[in-house]
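**Student:**
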Amino acid sequence: MKNNFITNEDMIKCIDESNDGIMISDAEGRILYVNASYLVMTKLDKSILGHNIDEYVSKGIITQSSCLSCIKYRRTYTHIHHEKNGVEIITVSRPIYSENGELKYTVTNVRDISSYVNLNQKLTEVNKKFTPSSHDIECGDQEIIANSPEMMQVINLAKTVSKVDASVLILGETGVGKDVIASYIHKKSPRANNRFITLNCGAIPGELMESELFGYTPGSFTGGLKEGKKGILHYAQNGTLFLDEIGELPQYLQVKLLRVLENRVYSPIGSVEEIPIDTRIIAATNQNIKEQILRNKFREDLYYRLSVVTINIPPLRERQADIIPLAVHFLKRYTSKYGIAKKLEVDTLIQLQQYDWPGNVRELKNMIEKMVILSQGNTLDFPSSNNVNREEMSKYKLKEYMEHTEKEYLCNVKDLFSSTRQMAEAIGVDHSTVVRKFKKYNL
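Going by numbering that gives the first Met the number 0, the first residue of the sequence shown is number 0, and it counts up by one from there.
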């Protein structure tokens with residue numbers, strides 16, 4: 000059988016041909032390997048092999064070394080170099096550990112900074128004065144900051160569908176802004192002067208959801224109000240009802256919601272009266288609904304009723320052109336809120352763009368707020384990764400370690416707040432997520 004694995008010799012050849020400069024050092028900073036691109040971009044030569052990178056810093060040839068910072072702080076470190084010899088590069092150094100958790104090597108990637116030549120000038124202009132452009136779209140009390148083609152496509156679709164009363168299903172990961180797009184559709188629709196009501200289907204226990212949605216008549220059940228209660232459908236009359244986390248809706252309520260969508264009537268609990276309804280329904284979920292249907296967790300007929308038009312919002316990592324405008328927007332918001340003068344520098348913006356943003360726009364917003372509050376001086380510092388106890392890590396498989404860490408984090412945060420809603424707002428997740436995690440970890 001043919002061996003499909005690359006040989007060590009061929010791997011070295013591939014690294015030698017890389018467009019990125021690559022330098023490998025030991026745990027002390029002694030240079031063990033450099034490829035041709037590294038030498039070209041740094042304007043150094045092969046005589047550096049065997050020498051410690053600190054020598055070149057002390058001589059002033061290199062003003063600051065991301066490699067040495069990586070060794071010192073035991074984390075990935077990024078630096079922008081504007082050297083005396085005219086070199087402008089971005090270096091990213093990453094630590095490599097041995098099996099027993101000791102630092103063994105650092106690997107430094109070097110990239111030409113030419114793609115960012117105009118960024119500093121643009122950033123200076125932005126920090127002096129930020130005025131909304133044609134892509135800063137007003138949405139009630141919120142703004143949609145969109146410069147990427149992907150997000151502009153989402154907005155154009157939302158604007159088109161806002162003109163008609165069709166049901167809309169908004170898909171996307173947690174934190175991408177599904178609620179903002181839903182609000183935008185309402186504000187641009189003929190129903191804009193009426194109510195926009197949000198109901199999070201994952202935040203209310205299933206046994207209470209029916210009464211919240213449909214209301215109930217006097218004496219319908221023990222513990223209910225004597226005078227009965229109007230449901231959300233009543234208050235959403237002539238307006239828009241946004242059903243967030245629709246994938247969490249219990250199946251028996253999926254049947255009732257389907258009936259509302261098909262017949263445009265509903266009945267409060269304890270009543271046989273059918274009340275006509277004129278309400279637009281917009282639903283959203285971060286789950287894979289088609290997979291839910293295959294697992295019999297979500298009704299296929301309801302899915303088709305909800306998804307007359309489907310809007311899929313891409314995650315922030317797939318629309319990088321939005322990261323810097325969003326960062327500047329949130330910087331303006333929080334410097335104004337806290338009365339603190341801060342600005343973003345190029346190094347920080349590069350790090351913002353390199354980060355994956357698993358929490359999407361919500362995570363970016365929360366991080367900028369924290370940076371405004373905690374950064375020293377008048378510039379924002381990208382927070383370094385928390386040091387990880389490697390001995391502790393070795394006790395767990397990856398999934399177990401992540402769950403252990405998450406539970407510990409939630410326990411610590413729980414002591415700071417009196418309700419799960421306050422906690423959810425503080426840590427930047429949906430209330431339904433906190434409720435679900437508390438149930439998972441029996442907190």
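Every residue, glycine too, gets a C-beta built ideally from N, C-alpha and C.
Following the continuous beta strand (DSSP E) through L242, name the residue where it begins and the one where it ends.
**Tutor:** 239–243
**Student:** List the endpoints of the continuous alpha helix (DSSP H) containing K103.
**Tutor:** Looking at the DSSP string, K103 is not in any alpha helix (DSSP H); the run it does join, the beta strand (DSSP E), is 102–111.
**Student:** Considering just the uninterrupted stretch of the beta strand (DSSP E) at G20, what are its terminal residues?
**Tutor:** 20–25 is the extent of the beta strand (DSSP E) around G20.
**Student:** Are L330 and L363 close, meaning C-beta to C-beta below 8 Å?
**Tutor:** no
**Student:** Round the Cβ separation of A145 and D300 to the nearest angstrom and send it over; I've been treating them as touching at under 8 Å.
**Tutor:** That pair is no contact at about 34 Å.
**Student:** Rounded to whole angstroms, what's the CA-CA distance from G176 to P357? Just pull it up for me.
**Tutor:** 13 Å
**Student:** Of all the options M40, A26, A235, which has the alpha carbon lying nearest to the alpha carbon of P94?
**Tutor:** A26
**Student:** Would N99 count as contacting chain C if we go by Cβ distances under 8 Å?
**Tutor:** Structure shown: chain C not included; a single protein chain is present.
**Student:** For N285 and S161, I'd like the C-alpha separation in whole angstroms.
**Tutor:** 21 Å
**Student:** Rounded to whole angstroms, what's the CA-CA distance from E391 to E402? Just pull it up for me.
**Tutor:** Because E391 sits at a pLDDT of 46, beneath the cut-off of 50, its placement in the model cannot be relied upon, and the following sentence gives the value as read from the coordinates. Roughly 13 Å between the two C-alpha positions.
**Student:** Kindly list the residues whose CB is nearer than 6 Å to the CB of M0, restricted to its own chain and excluding five residues on each side of it in sequence; keep chain order.
**Tutor:** The predicted model places M0 with a pLDDT of 45, which falls under 50 and marks its position as unreliable; any figure quoted below should be read in that light. Here the set comprises nothing.
**Student:** In the structure shown, what three-state DSSP assignment does G214 receive?
**Tutor:** In the structure shown, G214 sits in a strand (DSSP, three-state: E or B).
**Student:** Name the DSSP bridge partner or partners of R29?
**Tutor:** N51
**Student:** So, with DSSP's three-state summary, where would you put A283?
**Tutor:** strand
**Student:** Measuring alpha carbon to alpha carbon, tell me which of L156, L256, G230 ends up nearest G269.
**Tutor:** G230
**Student:** Please identify the residue among A181, I367, E244 whose C-alpha is closest to the C-alpha of N287.
**Tutor:** E244
**Student:** Within a Cβ cutoff of 8 Å, which residues of the same chain sit near R435, ignoring the five residues on either side of it in sequence?
**Tutor:** G201
**Student:** According to DSSP, is K498 helix, strand or coil?
**Tutor:** Missing from the structure shown is residue 498; the chain here goes from 0 to 442 and no further.
**Student:** Contact between the segment 172–192 and the segment 330–346: three or more CB pairs below 8 Å?
**Tutor:** Short answer: they don't touch.
**Student:** Rounded to the nearest angstrom, what separates I203 and N365 at their Cα positions?
**Tutor:** Straight across, the Cα-Cα distance linking I203 with N365 is about 25 Å.
**Student:** Out of F381, E317, R318, Q353, state which residue places its alpha-carbon closest to the alpha-carbon of T347.
**Tutor:** F381
**Student:** How big is the Cα-Cα spacing for C66 and Y354?
**Tutor:** 19 Å
**Student:** Taking the alpha carbon of I310 as the point to measure from, which residue in I154, Y32, T107 has its own alpha carbon closest?
**Tutor:** I154
**Student:** Going along the chain, which residues of its own chain have a beta-carbon closer than 7 Å to the beta-carbon of E209, five neighbours each way excluded?
**Tutor:** L252, I268
**Student:** Please tell me whether, using a cut-off of 7 Å, the distance from the CB of I52 to the nearest non-hydrogen atom of the ligand PLP is below it.
**Tutor:** As for the ligand PLP, it is missing from this structure, which has no ligand bound.
**Student:** Just to confirm my understanding: we take R194, look at its own chain, exclude 5 residues before and 5 after, and list those with CB closer than 7 Å. What are they?
**Tutor:** Here R194 has Y234, A235, G238 as same chain residues with Cβ atoms under 7 Å from its own Cβ, once five neighbours each way along the sequence are excluded.
**Student:** Relative to the alpha-carbon of A423, which residue among R361, A181, I367 has its alpha-carbon at the smallest distance?
**Tutor:** Each of R361, A181, I367 was checked against the Cα of A423, and the nearest Cα belongs to R361.
**Student:** Excluding five sequence neighbours on each side, which residues of the same chain lie with their C-beta closer than 8 Å to the C-beta of K103?
**Tutor:** D25, A26, I95, Y96, S97
**Student:** Could you compute how far the alpha carbon of V264 sits from the alpha carbon of K341?
**Tutor:** C-alpha separation (whole angstroms): 54 Å.
**Student:** Over what stretch of residues does the beta strand (DSSP E) that includes F195 continue unbroken?
**Tutor:** 195–199
**Student:** Are S57 and Y76 touching if we call contact CB-CB under 8 Å?
**Tutor:** no
**Student:** Specify the secondary structure class of C13 as computed by DSSP and reduced to three states.
**Tutor:** helix
**Student:** How many angstroms separate the CA atom of K289 from the CA atom of Y303?
**Tutor:** Looking at the two C-alpha atoms, the distance is approximately 11 Å.
**Student:** Please state whether DSSP places N311 in a helix, a strand or coil.
**Tutor:** strand
**Student:** Between D178, L207, Y37, E206, which has its C-alpha nearest I196's C-alpha?
**Tutor:** D178
**Student:** If we ignore side chains and look at the alpha-carbon of each, how far apart do H430 and T419 end up?
**Tutor:** 7 Å
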